[in-house]
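Colleague: The structure under discussion is supplied below as structure tokens; questions concerning it will follow.
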Amino acid sequence: MSQILAQLHAVLEQRKQAEPSSSYVASLYHKGLNKILEKVGEEAVETILAARDAEVSGNNDKLIGETADLWFHSMVMLSKLGANPEQVLEELNKRFGLSGIDEKNSRSPQGE
């Protein structure tokens with residue numbers, strides 16, 4: 001796993017035990033999953049808007065920043081639920097080399 005992802009994951013795990021007033025992440029954990037999901041959704045929208053702006057302006061700086069925010073909050077979500085970035089990287093690795101159509105067809109149907 002990327003060293004920065006591993007370091008960030010370790011910090012996120014430590015923040016689970018911290019007082020909510022001691023850090024932003026500890027306060028998110030304290031507020032619960034719905035607040036974390038709200039932040040993930042907010043950052044996803046901001047990333048989409050930044051991508052649209054980047055296409056027009058040709059400048060990706062805001063897009064990179066918003067994507068970092070989205071990844072960060074997604075990692076908070078994963079950590080809250082007991083998952084980690086290594087699991088996501090393993091899933092991506094499984095999909096590497098598969099066509100998108102084959103990968104989609106390999107998933108079990110949901111809700112059917």
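Counting in this note's numbering, the sequence shown runs from 1 upward without gaps.
Glycine included, C-beta positions come from ideal geometry on N, C-alpha and C.
Keep in mind it's a predicted model, so treat the numbers as computed, not measured.
1. Do V122 and L28 have their C-beta atoms closer together than 7 Å?
2. Do S113 and V40 have their C-beta atoms closer together than 7 Å?
3. Using the Cβ count rule (16 or more neighbours within 10 Å means buried), how would you classify E19?
4. Need the endpoints of the alpha helix (DSSP H) that N93 sits in, please.
5. Distance, Cα to Cα, E112 vs S79?
Modeller: So, to answer that:
1. With the chain represented from 1 up to 112, any question about residue 122 goes unanswered, as that position is not in the structure.
2. Since the first residue shown for the chain is 1 and the last is 112, residue 113 is missing from the structure and cannot be characterised.
3. The count along the sequence shown starts at 1 and reaches residue 19 at position 19. So E19 ends up on the exposed side.
4. Within the sequence shown, the letter at position 93 stands for residue 93. Taken as a continuous stretch (DSSP letters only), the alpha helix (DSSP H) holding N93 covers P85 to R95.
5. Here residue 112 corresponds to residue number 112 of the sequence shown, with the count starting at 1. Here residue 79 corresponds to residue number 79 of the sequence shown, with the count starting at 1. Note that E112 scores 49 on pLDDT, short of 50, meaning its location in the model is unreliable and no value can be drawn from it.
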